[in-house]
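Read top to bottom, the protein sequences are chains A and B.
My numbering puts the first residue of the first sequence at 129, with every later residue one more than the last.
My numbering puts the first residue of the second sequence at 129, with every later residue one more than the last.
Take a look at the structure below.
Protein chains: 2
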Amino acid sequence: MKIELENVLPMDIEARSFEIITEELKGKALEAEYAPIIKRVIHTTADFEYADTLAFSPEVLPKALSAIRKGACIVTDTQMAKAGINKRVLAGFGGEVLNFMTDEDVAKQAKEQGTTRAAACMDKAAKHKGPLIFAIGNAPTALVRLYELIKEEKLKPELIIGVPVGFVNVVQSKELILESGVPYIVARGRKGGSNVAAAICNALLYLLDETRAGNQT
Amino acid sequence: MKIELENVLPMDIEARSFEIITEELKGKALEAEYAPIIKRVIHTTADFEYADTLAFSPEVLPKALSAIRKGACIVTDTQMAKAGINKRVLAGFGGEVLNFMTDEDVAKQAKEQGTTRAAACMDKAAKHKGPLIFAIGNAPTALVRLYELIKEEKLKPELIIGVPVGFVNVVQSKELILESGVPYIVARGRKGGSNVAAAICNALLYLLDETRAGNQT
Numbered sequence: 129m130k131i132e133l134e135n136v137l138p139m140d141i142e143a144r145s146f147e148i149i150t151e152e153l154k155g156k157a158l159e160a161e162y163a164p165i166i167k168r169v170i171h172t173t174a175d176f177e178y179a180d181t182l183a184f185s186p187e188v189l190p191k192a193l194s195a196i197r198k199g200a201c202i203v204t205d206t207q208m209a210k211a212g213i214n215k216r217v218l219a220g221f222g223g224e225v226l227n228f229m230t231d232e233d234v235a236k237q238a239k240e241q242g243t244t245r246a247a248a249c250m251d252k253a254a255k256h257k258g259p260l261i262f263a264i265g266n267a268p269t270a271l272v273r274l275y276e277l278i279k280e281e282k283l284k285p286e287l288i289i290g291v292p293v294g295f296v297n298v299v300q301s302k303e304l305i306l307e308s309g310v311p312y313i314v315a316r317g318r319k320g321g322s323n324v325a326a327a328i329c330n331a332l333l334y335l336l337d338e339t340r341a342g343n344q345t
Numbered sequence: 129m130k131i132e133l134e135n136v137l138p139m140d141i142e143a144r145s146f147e148i149i150t151e152e153l154k155g156k157a158l159e160a161e162y163a164p165i166i167k168r169v170i171h172t173t174a175d176f177e178y179a180d181t182l183a184f185s186p187e188v189l190p191k192a193l194s195a196i197r198k199g200a201c202i203v204t205d206t207q208m209a210k211a212g213i214n215k216r217v218l219a220g221f222g223g224e225v226l227n228f229m230t231d232e233d234v235a236k237q238a239k240e241q242g243t244t245r246a247a248a249c250m251d252k253a254a255k256h257k258g259p260l261i262f263a264i265g266n267a268p269t270a271l272v273r274l275y276e277l278i279k280e281e282k283l284k285p286e287l288i289i290g291v292p293v294g295f296v297n298v299v300q301s302k303e304l305i306l307e308s309g310v311p312y313i314v315a316r317g318r319k320g321g322s323n324v325a326a327a328i329c330n331a332l333l334y335l336l337d338e339t340r341a342g343n344q345t
């Protein structure tokens, strides 16, 4: 078999990928407003299921963009999600990515309370001053703890990106966020991941960053 | 609707996840040797397609484990993959994770040669002394360059984990690696990702790390 490579310049690869995704999504009724987010998640995963599973709370987009514009920080539950987020663009709006997973006080609290470090991170985040976006791509326990903190009125996130992946309480934790009353972007079902969390953050950032606008078609 | 959480202790979540994966894979003829790798990729993605798409070169497992044991370093094409690999366990064998994506000389070479930074990283890696494993979860251009370097006899990787994700030359770049003559673990088709690359590295590391053996069932 002869393997033939498509001749695409490095700078054009992403745009070409989005063209292919757009073409293959034809016939699918995407809400135009959310298309850049859905397409970027598909770009990151090559998984078109996300066109059906991504759920958006009412008016989440203006709320999310406004939060970023006012300098919201993004809290992640993995170093991988942190690594994947475009921190340069986020910093342009005054925000940074916060991850407490390797903090000693978090490990200590998790051990004492018999919870996960990811859940303990949410408690630590609740003490943070300033607007927060949560990008949870791994730990359903983080989403469950966020739900509790919201219900106890100890935390009011600007946005929860709820896309943990897995098999134990993942589906349920996402359903809790749908009922939390805060703005959300959630991948219903088992699928998700740190890469998906980062892709959604980047899709939002690129909607605000005109230098990347060309990639959003 | 009442949302009911399954009561699983934090330390048991991973083992319970692997139980569910094993249960749902029943009836599927997995090669026992590769089951820990396939299951860990499914654990990371909740995507059972990988049971069909992961391809292994002959005797890749003893070769990969022997490379790790002799202190091979792992070269990644993203910071995300680097973030996801268990660097503590790798360091126990004398290896470390190398990522050249943000190096200035790499950016310069990519610009001069009209290639991607990921491809230029492979040239830089080819100058490295000592055994190397490549974990490529993002850039097909990195796989294409690896193939060229192997054919030019400038590089002889111990193992290529070839799992980029996407739409432009992704399928083809993986097929090239299947013909490269070096040991490989490849996710055929469009799917993959930095998370998948890291998961495969970790599956290999945990096969060697007895403290994690319980999670490999």
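Just so it is clear, CB atoms sit at the ideal spot from N, CA and C, and this is done for glycine as well.
All values reported here derive from a predicted model rather than from experimental measurement.
- Taking 7 angstroms as the Cβ-Cβ cut-off, the segment 291-321 of chain B approaches chain A at V293, G294, F295, V296, N297, Q300, E303, L304, R318, K319 and G321, given in chain order.
- Collapsing the DSSP output to three states places B:L287 in a strand.
- Contact annotation: B:G220 and B:A200 have beta-carbon atoms that are not nearer than 9 angstroms.
- Identification of chain A residues near B:R216 by a Cβ-Cβ cut-off of 9 angstroms yields none; the smallest Cβ-Cβ distance measures about 11 angstroms.
- As computed with DSSP, B:A315 is found in a beta bridge with B:L182.
- Distance from the CA of B:E177 to the CA of B:G320, rounded to the nearest whole angstrom, comes to 11 angstroms.
- With its beta carbon at least 9 angstroms from every one in chain B, A:G258 lies outside the interface.
- In this structure, B:A263 and B:A325 form a Cβ contact; the two beta carbons are roughly 4 angstroms apart against a cut-off of 8 angstroms.
- Residue pairing by DSSP places B:L260 opposite B:C201 in a beta bridge.
- The straight-line gap separating the alpha-carbon atoms of B:D180 and A:V293 is approximately 20 angstroms.
- Shown here for A:F228: same chain residues with a beta carbon closer than 6 angstroms to its own, the five before and five after excluded, namely V234, C249 and K252 in chain order.
- A:M208 counts as buried, since at least 16 other C-beta atoms from the protein chains shown sit within 10 angstroms of its C-beta.
- Assignment of B:V136 by DSSP, reduced to helix, strand and coil, places it in the coil class.
- Closer than 9 angstroms to the CB of A:V169 there is not a single CB belonging to chain B.
- Annotation: Cβ neighbours of B:L133 in chain A (cutoff 7 angstroms, chain order): V272, N297 and Q300.
- At least 9 angstroms separates the CB of B:T230 from every CB of chain A.
- For B:K215, same chain residues with a beta-carbon under 8 angstroms away, outside a window of 5 residues either side, are E224 and V225 in chain order.
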